[in-house]
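Residue numbers (the numbering used here): -9 to 293.
Below is one structure; the comments refer to it alone.
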Amino acid sequence: MKILVTGANGQLGMELRNIARNVAAGAHTFVFTDVNSVEGEETVRLDITDAEAVRDMAAGIGADVIVNCAAYTNVDRAEDDVQAADLLNRAAPGNLAAAARDCGAALIHVSTDYVFDGEGCVPYTEDREPKPVSVYGRTKLEGERAVTASGCRHIILRTAWLYSPYGKNFMKTMLKLTSEKDELNVVSDQVGSPTSAADLADAIFRIIDGNMLDRQGIYHYSNEGVCSWYDFALAIRDIAGNGPGGASGRCCRIMPCHSDEFPSKVKRPHYSVLDKSLFKRTFGLEVPYWLDSLKACMERVLS
Ligand SMILES: NC(=O)c1ccc[n+]([C@@H]2O[C@H](COP(=O)([O-])OP(=O)(O)OC[C@H]3O[C@@H](n4cnc5c(N)ncnc54)[C@H](OP(=O)(O)O)[C@@H]3O)[C@@H](O)[C@H]2O)c1
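Shown next as structure tokens:
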């Protein structure tokens, strides 16, 4: 199959590149695109806010599948940069969906737990009414709606708390801070499921490779299990050997705190747990436990 990947230099895109190199082994043809290039990776330039360029690219390569890994992901900045977030998170998925429809490709689009307000206390199923409380969440929800309204074959995967060896993410920040600081405060009143971008990329690849693209709809995918940012930080610290008795010989003390101790313009969901039952039932794929995946990712980073 011809697979067009957008936003290929981001966390998820880079993990899809790894799968193309290590797992797909020539079984499919991938075209990795992004607005900018990164050193050491082949990237075709494609700005997904340019509807004509998107249509030409999809038709030109004869795409069977488009995987959209691009998004405006800076949740804080989006509050002030509404127009840019709207263009990338709402309009651009519409461009990709129209291009997919016109050339007969399927679209795999990635969305977020931020479409919910996080006021719940049981895992969110796909049929729960979305209620975003941030510009990022609202624009991502509108992007989902643009995809579903387009009439293209589509699979929308809502994920949460993504981390990887690439770009900026909580795992990398905590790795650095716990190796430099003696003490840290981390919020304990927001819970969710840390998700390895490698696992999400693997799930996307299995859907494509297993010819499951006709199982259209919205699905939730995050790693299995639940923790707070505080628990996540402790796990990162301890795996890195920066905890009590750790291999680094130093110990960073981490204290739990409330989110109102970190004043922010953007309201973040307190409860971000996604129910993965529909995903597992539909695709017959297993979802790894967050701590196992964290260890696997950190092994790659630390080795
Ligand atoms: N990160 C999370 O915690 C999280 C949580 C839930 C859901 N998600 C969703 O998961 C998906 C993947 O997230 P991620 O963390 O891998 O994203 P990411 O690392 O921020 O990567 C996004 C990529 O898109 C590129 N991009 C920006 N503008 C573009 C444009 N106009 N055309 C084409 N590409 C463009 C970015 O390039 P530049 O960097 O050069 O701008 C970057 O390479 C997104 O849909 C996101 O909303 C993420």
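We put the CB at the ideal spot given by N, CA and C, even for glycine.
This one's a predicted model, so the numbers in the text were calculated from it and none came from an experiment.
### Query
Candidates Gln206, Ile146, Lys130 and Asn201: which alpha carbon is nearest Ala17's?
Along the sequence shown, one-based indexing puts residue 17 at 27. For the residues Gln206, Ile146, Lys130 and Asn201, the minimum Cα distance to Ala17 belongs to Asn201.
### Query
Going along the chain, which residues of its own chain have a beta-carbon closer than 6 Å to the beta-carbon of Phe252, five neighbours each way excluded?
Numbered from its first residue, the sequence shown carries residue 252 at position 262. Excluding positions up to five away in sequence, the list is empty.
### Message
Run through the DSSP bridge pairs and tell me what Ile51 is partnered with.
### Response
For the purposes of this step, residue 51 is identified with residue 61 of the sequence shown, where counting begins at 1. Answer is none; Ile51 lacks a bridge partner.
### Query
Do Val256 and Glu69 have their C-beta atoms within less than 8 Å of each other?
As a working note, residue 256 is residue 266 in the sequence shown. As a working note, residue 69 is residue 79 in the sequence shown. Against a cut-off of 8 Å, the Cβ pair of Glu69 and Val256 comes out as a contact.
### Task
May I have the straight-line CA-CA distance separating Ser101 from Arg148, to the nearest angstrom?
What you label residue 101 is simply residue 111 of the sequence shown in a count that begins at 1. What you label residue 148 is simply residue 158 of the sequence shown in a count that begins at 1. Near 4 Å, if we compare the C-alpha coordinates of Arg148 and Ser101.
### Query
Where does Ala96 fall in DSSP's three states?
Here residue 96 refers to the residue found at position 106 when the sequence shown is read from its first residue. The answer is strand: DSSP assigns Ala96 an E or B state.
### Task
Would you check whether ligand 1 has a heavy atom nearer than 7 Å to the C-beta of Ile38?
Here residue 38 refers to the residue found at position 48 when the sequence shown is read from its first residue. Yes, Cβ of Ile38 sits closer than 7 Å to a heavy atom of ligand 1.
### For Cys300, the three-state DSSP class (helix, strand or coil)
Here the chain covers residues -9 to 293 and nothing more, so residue 300 does not appear.
### Message
Quick check: the Cα distance between Arg67 and Asn159, rounded to an integer number of angstroms?
### Response
Translated into positions along the sequence shown, residue 67 becomes position 77. Translated into positions along the sequence shown, residue 159 becomes position 169. Answer to the nearest angstrom: the Cα atoms are 15 Å apart.
### Message
Let me check you understand the geometry: is the CB of Thr294 closer than 7 Å to at least one non-hydrogen atom of ligand 1?
### Response
Within the shown structure, residues of the chain are numbered from -9 to 293, placing residue 294 beyond reach of any answer.
### Task
Locate the beta strand (DSSP E) running through Val21, then write down its first and last residues.
If you number the sequence shown from 1, residue 21 lands on position 31. Looking at the DSSP string, the run of the beta strand (DSSP E) that includes Val21 is Thr19 to Asp24.
### Query
Since Lys(-8) sits in a beta bridge, which residues does DSSP pair it with?
As a working mapping, residue -8 is identified with position 2 in the sequence shown. BP columns for Lys(-8) point to Thr19.
### Message
Under 8 Å: do the region 212 to 231 and the region 38 to 46 share three or more Cβ pairs, one atom per stretch?
### Response
no
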